[in-house]
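With the sequence shown counted from 1, adding 141 to any position gets you our numbering. Backbone N, C-alpha and C fix where the C-beta goes; we use that ideal spot for every residue, glycine too.
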Amino acid sequence: MMNSNAQAYLRTRVMTASPAELRLMLIDGAMRFARQCREGLAGRDFEQAYEGSRQCRAILTELLSGLKPEGDPLLCDRINSLYSFLISRMMEAMSERDASLIDQVLELLAYDRETWQLAVEKIAGAGTASGASPADARQGPSANDGDRLHLTG
Numbered sequence: 142m143m144n145s146n147a148q149a150y151l152r153t154r155v156m157t158a159s160p161a162e163l164r165l166m167l168i169d170g171a172m173r174f175a176r177q178c179r180e181g182l183a184g185r186d187f188e189q190a191y192e193g194s195r196q197c198r199a200i201l202t203e204l205l206s207g208l209k210p211e212g213d214p215l216l217c218d219r220i221n222s223l224y225s226f227l228i229s230r231m232m233e234a235m236s237e238r239d240a241s242l243i244d245q246v247l248e249l250l251a252y253d254r255e256t257w258q259l260a261v262e263k264i265a266g267a268g269t270a271s272g273a274s275p276a277d278a279r280q281g282p283s284a285n286d287g288d289r290l291h292l293t294g
């Protein structure tokens, strides 16, 4: 259980994060719980494995529910396919009790995280280059944002 200072810090971090930063936080959480599942399966602690798998799948489902296909339908379809695959892979790892299947999930999540991190940095760089403050960058794209990168979902 987190202590109150850690909870307050996390709450503040979540409340001040941009949508892209929130997505990174969710991916980090999915990776943490996937590792918990892998460790549980490897150590034959199936309660730990189940809890890690359940939490990882819940986060992946949340990431899926946040997709907005009206922004970029093709990209959303690809992300949907990725997260759906990861959810099924987590279930397969649990049913087969095979920790090695989690490695693929972790590898793909790490790649996804790296991609989003680069996007966050690009957004921050575009905001700074245009004279906008970091708080302005957190507000998301506006009608006059020209060629800025849009991250919906």
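Spatially closest choice to residue i from the options, by CA coordinates
i, options, result
"Met232", "Arg152, Arg179, Arg154 and Glu162", "Arg179"
"Arg173", "Phe187, Glu192, Ala161 and Asn146", "Glu192"
"Leu227", "Gln148, Ala149, Asp253 and Leu151", "Asp253"
"Ala234", "Leu182, Ile168 and Thr256", "Leu182"
"Phe187", "Ser236, Trp257, Pro210 and Leu250", "Ser236"
"Ala240", "Ser145, Arg154, Ser194 and Leu223", "Ser194"
"Thr256", "Asp244, Arg238, Asp169 and Ala147", "Asp169"
Cβ neighbour criterion (16 or more within 10 Å) applied to residue i
i, result
"Leu259", "exposed"
"Ala161", "buried"
"Met156", "exposed"
"Thr202", "exposed"
"Leu250", "buried"
"Leu204", "buried"
Length of the line joining the Cα atoms of residue i and residue j
i, j, result
"Leu208", "Arg176", "25 angstroms"
"Gly212", "Asp218", "11 angstroms"
"Gly266", "Leu163", "18 angstroms"
"Ala262", "Ala171", "Before going on, a small fix: residue 262 reads as Glu here, not Ala. When rounded, the distance between both Cα atoms is 21 angstroms."
"Met166", "Gln189", "22 angstroms"
"Arg198", "Glu248", "16 angstroms"
"Arg185", "Val246", "19 angstroms"
"Asn221", "Tyr150", "31 angstroms"
"Ala158", "Arg152", "10 angstroms"
"Ala273", "Leu242", "Any answer about Ala273 is weak, because its pLDDT of 47 lies below 50 and its placement is not dependable; what the coordinates show is given next. Each residue's alpha carbon lies about 44 angstroms from the other."
"Ile200", "Ile264", "24 angstroms"
"Ser206", "Ser225", "11 angstroms"
"Leu216", "Pro210", "8 angstroms"
"Pro214", "Leu223", "14 angstroms"
"Arg230", "Gln196", "14 angstroms"
Handout entry: Ranges of the alpha helix (DSSP H) found wholly within the segment 222 to 273, counting only runs of at least 4
Key = 241 to 270
Handout entry: Start-end ranges of the alpha helix (DSSP H) lying completely within the segment 157 to 207, minimum 4 residues
Key = 160 to 183 and 187 to 206
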